[in-house]
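Colleague:
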Amino acid sequence: MLPMKTLPFDRDFIEKLTETYPTPFYLYDERTLRRQARQFNAAFAWNPGFKEYFAVKANPNPALLKILQSENIGGDCSSLPELVLCERIGTAGENIMFTSNNTPAAEYRKAGELGAIINLDDITHIGFLAQCRGGSLPELLSFRWNPGELREVQSVIGNPVEAKYGLTTAQMDDAYETAKRKGVRRFGLHTMVASNMLQQDFFRCTAGTMFDLVTKIEYRTGIKIEFVNLGGGFGVAYRPDQTPLDLHRVGADIQEEYEKRGMQPLKIFTESGRLIAAESGTLITRVIHEKNIYKHYIGVDACMANLMRPGMYGAYHGITVLGKEHTPPAEPVDVVGSLCENCDKFAVDRALPPIAIGDLLAIHDAGAHGYAMGFQYNGKLRCAELLLQEDGSVRLIRRAETMDDYFATLNIGAGVPG
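In our numbering, the protein residues as written are 29 to 446.
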């Protein structure tokens with residue numbers, strides 16, 4: 029049996045927490061979050077202008093964003109509420125990267141108000157952005173590049189040719205020249221084509237391709253590109269048999285491509301969410317039922333509404349039965365929630381220690397795209413989020429939803445015939 033990742037707490041610690049905070053709940057570890065942020069900054073310290081913009085969509089909790097802010101991490105936003113989240117914790121200006129698609133005018137206006145770096149998704153958005161701003165464009169503007177046909181990768185947008193994101197290669201020169209004519213004086217370049225990549229060489233190749241594109245655009249248009257945003261895609265080893273990404277090697281590989289081409293003083297930006305936050309978060313849930321029919325099911329009080337990745341993507345998340353970390357596995361089980369959907373499963377045919385009703389399960393690596401992707405199907409209420417602080421204390425950073433929250437936006441009975 030391959031070793032399970034260790035956790036910064038044990039069963040007794042969690043049992044004590046449940047006296048105040050009923051399961052299910054998310055528990056984030058501040059030490060892990062800071063460690064990941066510092067590793068990112070260290071891996072790219074060779075580039076004086078480096079900036080990591082945490083993908084706010086991965087975990088939009090202001091308490092966690094404040095921790096990252098203190099580690100000199102910016103915010104990568106894709107919506108109006110995400111922009112406002114950054115504003116409310118004091119992040120503004122070029123510490124915000126605003127990358128969205130099919131963008132409403134109000135969102136561009138708010139990004140402009142905050143002084144965020146605006147990263148345009150389409151060539152037609154140049155005129156639309158100017159219209160939103162009363163006819164002018166910001167001093168600094170970036171464009172998202174869709175490279176079209178690529179070598180085979182695990183792509184977050186599918187085949188780039190089929191994706192709705194970004195400008196084509198043929199549109200890039202025209203976009204920069206148009207922006208320059210309209211008063212833009214500073215320029216950036218962005219791409220994002222892959223998700224959860226653990227292939228070390230992928231990042232070297234992406235960076236080299238981007239550096240070559242910068243050189244071509246600058247030669248053909250006469251502009252100077254100030255930064256390259258390499259996007260995200262930095263993977264997490266969710267499965268125990270996977271090799272974690274060596275972030276320092278990634279940084280060194282990109283440095284080699286950078287120096288080989290003489291790209292100084294080009295700034296390097298990234299926008300990781302997953303690798304920064306995933307390992308810091310654990311979903312804690314209690315076993316409430318056991319069922320034996322054609323398969324053996326373990327029913328817990330969390331469900332896909334709390335963590336949808338396994339049900340939606342078939343994604344793997346490690347599970348620890350707290351207090352039984354060293355107990356050999358029994359027969360395989362499916363760990364399931366209570367939604368009226370058969371995909372509501374945290375694990376399928378998973379070899380876990382013998383489980384009893386009342387046991388606590390810790391679902392690993394849930395700090396990114398976990399709580400953030402929650403929903404209220406079947407009337408499920410969103411759970412609490414807790415922070416395990418560096419001093420060992422725990423504080424509530426988001427309370428659990430109540431029935432009053434669920435009904436707050438409804439006008440029950442209005443317009444309904446008697």
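Built from N, CA and C at the ideal position, the CB exists for glycine as well.
Computed from a predicted structure; not experimentally measured.
Using a Cβ-Cβ cut-off of 7 Å (strictly less than) and excluding sequence neighbours within five positions of Ala134, which residues of its own chain qualify?
Modeller: As a working note, residue 134 is residue 106 in the sequence shown. So the qualifying residues of the chain are Leu108.
Colleague: Buried or exposed for Val112, going by 16 or more other Cβ atoms inside 10 Å?
Modeller: As a position in the sequence shown, residue 112 is number 84, starting the count at 1. By the 10 Å Cβ count, Val112 comes out exposed.
Colleague: If I measure Cβ to Cβ from Gly211 and keep anything under 6 Å in the same chain, skipping five residues before and after, which residues do I get?
Modeller: Here residue 211 refers to the residue found at position 183 when the sequence shown is read from its first residue. Excluding sequence neighbours, Gly211 sits near Leu165.
Colleague: What's the gap between the Cα of Pro356 and the Cα of Pro268?
Modeller: Counted from its first residue, the sequence shown places residue 356 at position 328. Counted from its first residue, the sequence shown places residue 268 at position 240. Roughly 16 Å between the two C-alpha positions.
Colleague: Does DSSP put Tyr56 in a helix, a strand or coil?
Modeller: Within the sequence shown, residue 56 is the residue found at index 28, counting from 1. Looking at Tyr56 - three-state DSSP - the assignment turns out to be strand.
Colleague: Within this structure, are the beta carbons of Arg232 and Ile296 separated by less than 8 Å?
Modeller: Stepping through the sequence shown from its first residue, residue 232 is reached at position 204. Stepping through the sequence shown from its first residue, residue 296 is reached at position 268. No, Cβ-Cβ distance for Arg232 and Ile296 is not below 8 Å.
Colleague: Give the DSSP-derived three-state secondary structure of Ser300 in the structure shown.
Modeller: Locating residue 300 in the sequence shown gives position 272, where the first residue counts as 1. Three-state DSSP puts Ser300 in coil, outside helix and strand.
Colleague: Please state whether the Cβ-Cβ distance between Ala306 and Gly395 is less than 8 Å.
Modeller: Against the sequence shown, residue 306 aligns to sequence position 278. Against the sequence shown, residue 395 aligns to sequence position 367. Yes. Within cutoff.
Colleague: With contact counted as at least three CB pairs below 8 Å, one residue from each stretch, are the region 85-100 and the region 345-352 in contact?
Modeller: No, they do not touch.
Colleague: Output the residue ranges of the alpha helix (DSSP H) runs that lie fully inside the region 411-437 and measure 4 residues or longer, sorted by chain position.
Modeller: Runs of the alpha helix (DSSP H) inside the region 411-437: 431-435.
Colleague: Measure the C-alpha to C-alpha separation of Ala379 and Val361 and round it to an integer number of angstroms.
Modeller: To locate residue 379, count along the sequence shown from 1; it is residue 351. To locate residue 361, count along the sequence shown from 1; it is residue 333. Cα to Cα, the separation comes out at about 7 Å.
Colleague: If you run the structure through DSSP and keep just helix, strand and coil, what is Gln182?
Modeller: Residue 182 sits at position 154 when you count from the first residue of the sequence shown. With a pLDDT of 44 at Gln182, under the threshold of 50, the modelled position of that residue is not reliable, and no figure is offered here.
Colleague: Taking Cβ positions, are Leu335 and Gly398 nearer each other than 8 Å?
Modeller: Your numbering for residue 335 matches position 307 in the sequence shown. Your numbering for residue 398 matches position 370 in the sequence shown. Yes, these two residues count as a Cβ contact at 8 Å.
Colleague: Give me the Cα-Cα distance between Ile391 and Gly236, rounded to the nearest whole angstrom.
Modeller: The residue labelled residue 391 in the question sits at position 363 within the sequence shown. The residue labelled residue 236 in the question sits at position 208 within the sequence shown. One C-alpha to the other measures close to 37 Å.
Colleague: Could you tell me whether the region 41-51 touches the region 307-326, using the rule of 3 or more Cβ pairs below 8 Å?
Modeller: The region 41-51, when compared against the region 307-326, does touch it at the 8 Å Cβ threshold.
Colleague: From this set, Asp202, Glu418, Thr206 and Asp432, which residue's C-alpha is nearest Tyr56's C-alpha?
Modeller: As a first step, residue 56 is located in the sequence shown; it is residue number 28 there, counting from the start. Of the listed residues, the one whose Cα sits closest to Tyr56 is Glu418.
Colleague: Name the residue from Thr234, Gly279 and Thr119 whose alpha carbon lies nearest to the alpha carbon of Val84.
Modeller: Position 56 of the sequence shown holds residue 84. Nearest of Thr234, Gly279 and Thr119 to Val84, Cα basis: Thr119.
Colleague: Mind listing, in chain order, the continuous beta strand (DSSP E) runs of no fewer than 3 residues lying wholly within the region 351-417?
Modeller: Entirely contained in the region 351-417, the beta strand (DSSP E) runs reaching 3 residues are, in chain order, 361-364, 373-378, 388-391 and 412-416.
Colleague: Ignore the nearest five residues each way along the sequence and tell me which others in Val181's own chain have a CB closer than 6 Å to its CB.
Modeller: Here residue 181 is taken as the residue at index 153 of the sequence shown, counted from 1. Residue confidence for Val181 is low, a pLDDT of 45 falling below 50, so the modelled location carries little weight; the figure read from the coordinates is stated next. Same-chain partners within the cutoff: Ala222.
Colleague: Scan the region 155-235 and note each continuous beta strand (DSSP E) run of 3 residues or more that stays entirely inside, going in chain order.
Modeller: DSSP runs (the beta strand (DSSP E)) wholly in the region 155-235: 168-172 and 214-218.
Colleague: Considering only residues of the same chain and omitting the five flanking positions on each side of Pro272, which have a CB-CB separation below 6 Å?
Modeller: Within the sequence shown, numbered from 1, the residue matching residue 272 stands at position 244. The residues are Ala265.
Colleague: Please report the residue range of the alpha helix (DSSP H) in which Phe41 lies.
Modeller: Looking up residue 41 in the sequence shown gives position 13. From DSSP, the alpha helix (DSSP H) with Phe41 extends over Arg39 to Thr46.
Colleague: Using the Cα positions of Ser308 and Leu61, report the straight-line distance between them to the nearest angstrom.
Modeller: Counting from one through the sequence shown, the residue named residue 308 turns up at place 280. Counting from one through the sequence shown, the residue named residue 61 turns up at place 33. Rounded to whole angstroms, Ser308 to Leu61 spans 5 Å at the Cα level.
Colleague: Could you round the C-beta distance between Phe215 and Ser170 to whole angstroms and report it? I think they count as a contact, below 8 Å.
Modeller: For this step, residue 215 is matched to residue 187 along the sequence shown. For this step, residue 170 is matched to residue 142 along the sequence shown. That pair is a contact at about 7 Å.
Colleague: So, using beta-carbon positions, are Glu99 and Ala65 closer together than 8 Å?
Modeller: In the sequence shown, residue 99 corresponds to position 71, counting from 1. In the sequence shown, residue 65 corresponds to position 37, counting from 1. Yes, Cβ-Cβ distance for Glu99 and Ala65 is below 8 Å.
Colleague: So, for Met401: in the same chain, excluding its five sequence neighbours on each side, which residues have a beta-carbon less than 6 Å away from its beta-carbon?
Modeller: Stepping through the sequence shown from its first residue, residue 401 is reached at position 373. Within the same chain, Met401 has close Cβ partners Met336.
Colleague: If you count every other CB in all the chains shown that lies within 10 Å of the CB of Lys252, and 16 or more means buried, which is it?
Modeller: By one-based count along the sequence shown, residue 252 stands at place 224. It counts as exposed.
Colleague: For the region 114-131 against the region 417-434, do three or more pairs of beta-carbon atoms, one drawn from each stretch, fall closer than 8 Å, so that the two count as touching?
Modeller: At 8 Å Cβ cutoff, the stretches do not touch.
Colleague: Determine the closest residue to Thr243 out of Gln270, Thr206 and Met200, with distance taken between C-alpha atoms.
Modeller: Here residue 243 refers to the residue found at position 215 when the sequence shown is read from its first residue. Ranking Gln270, Thr206 and Met200 by Cα distance to Thr243 puts Met200 first.
Colleague: Per DSSP, which residues does Met125 bridge with? Please list them.
Modeller: Position 97 of the sequence shown, counted from the first residue, corresponds to residue 125. Met125 is bridged to Asp104 and Ile145.
Colleague: Is Ile440 helix, strand or coil by DSSP?
Modeller: The residue you call residue 440 lines up with position 412 of the sequence shown. Three-state result, Ile440: coil.
Colleague: What does a CB cutoff of less than 6 Å around His317 pick up in its chain, not counting 5 residues either side in sequence?
Modeller: By 1-based counting over the sequence shown, the position of residue 317 is 289. Answer for His317: Gly327, listed in chain order.
Colleague: List the endpoints of the continuous alpha helix (DSSP H) containing His317.
Modeller: Stepping through the sequence shown from its first residue, residue 317 is reached at position 289. Where His317 is concerned, there is no enclosing alpha helix (DSSP H), although the beta strand (DSSP E) it sits in stretches over Gly309 to Asn320.
Colleague: Can you tell me where the alpha helix (DSSP H) holding Val278 begins and where it ends?
Modeller: The residue given as residue 278 occupies position 250 in the sequence shown. First-last of the alpha helix (DSSP H) with Val278: Leu275 to Lys288.
Colleague: Using the three-state DSSP reduction, which class does Glu254 fall into: helix, strand or coil?
Modeller: Position 226 of the sequence shown holds residue 254. It is a strand residue.
Colleague: From what residue to what residue does the alpha helix (DSSP H) around Ile95 run?
Modeller: If you number the sequence shown from 1, residue 95 lands on position 67. Note, Ile95: alpha helix (DSSP H), Pro90 to Ser98.
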